[in-house]
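Asks:
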Amino acid sequence: MADKNILIVDDAAFMRMMIKDILTKNGYDVVGEAENGLKAVEKFTELKPDLVIMDITMPEMDGIQAVKKIKELDGNAKVIMCSAMGQQAMVIESIQSGAKDFIVKPFQADRVLEAVKKAIS
Numbered sequence: 001m002a003d004k005n006i007l008i009v010d011d012a013a014f015m016r017m018m019i020k021d022i023l024t025k026n027g028y029d030v031v032g033e034a035e036n037g038l039k040a041v042e043k044f045t046e047l048k049p050d051l052v053i054m055d056i057t058m059p060e061m062d063g064i065q066a067v068k069k070i071k072e073l074d075g076n077a078k079v080i081m082c083s084a085m086g087q088q089a090m091v092i093e094s095i096q097s098g099a100k101d102f103i104v105k106p107f108q109a110d111r112v113l114e115a116v117k118k119a120i121s
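Position one of the sequence shown corresponds to residue 1 (the UniProt record's numbering), numbered consecutively onward.
1. Under the three-state reduction of DSSP, which class applies to F107: helix, strand or coil?
2. Which first and last residues belong to the beta strand (DSSP E) in which D74 is found?
3. Can you tell me the Cα-Cα spacing of A84 and I92, whole angstroms?
4. Give the single residue among I6, S121 and P49 whose Cα lies nearest to the Cα of V30.
5. Run the CB neighbour count on K100, radius 10 Å, all protein chains shown included, and call it buried at 16 or more, exposed below.
Pasting the structure below:
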């Protein structure tokens, strides 16, 4: 399994910690974290991760704008969106913008891992 470098983007530090915990326990490397879309695009450029796990609702630049930017930089970029319940419209928009999949908060470890596996296999 070579493709294991993941960038986590969420404005809530505890959410990043939760995802990081699930991933590292299962053999993935969290190579970076960002707290908004602007930082996500910067980190993506710098780190070239295999996968980005991105929250939708964030300050400065939301996840949907960030996905669009990342896909402009790299058409093969793999992004999974995170959303709270009831954000269906935003989820659809993010998938149309190039996201591969989405996971709903509160996270279930097996769902996170399933989405990650599917996105990078």
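Each residue gets a CB set at the ideal place from its N, CA and C atoms; glycine is no exception. Please read these numbers as outputs of a predicted model, since none were measured by experiment.
Replies: In short, the structure shows the following:
1. Walking along the sequence shown from the start, residue 107 turns up at place 107. Residue state, collapsed to three classes: coil.
2. As a first step, residue 74 is located in the sequence shown; it is residue number 74 there, counting from the start. Per DSSP, D74 belongs to no beta strand (DSSP E) and is neither H nor E.
3. Working through the sequence shown from its first residue, we reach residue 84 at position 84. Working through the sequence shown from its first residue, we reach residue 92 at position 92. Taking the straight line joining both Cα atoms gives about 13 Å.
4. Locating residue 30 in the sequence shown gives position 30, counting from the first residue. When only C-alpha atoms are compared, the closest one is I6.
5. The sequence position of residue 100 within the sequence shown is 100, counting from 1. So K100 ends up on the buried side.
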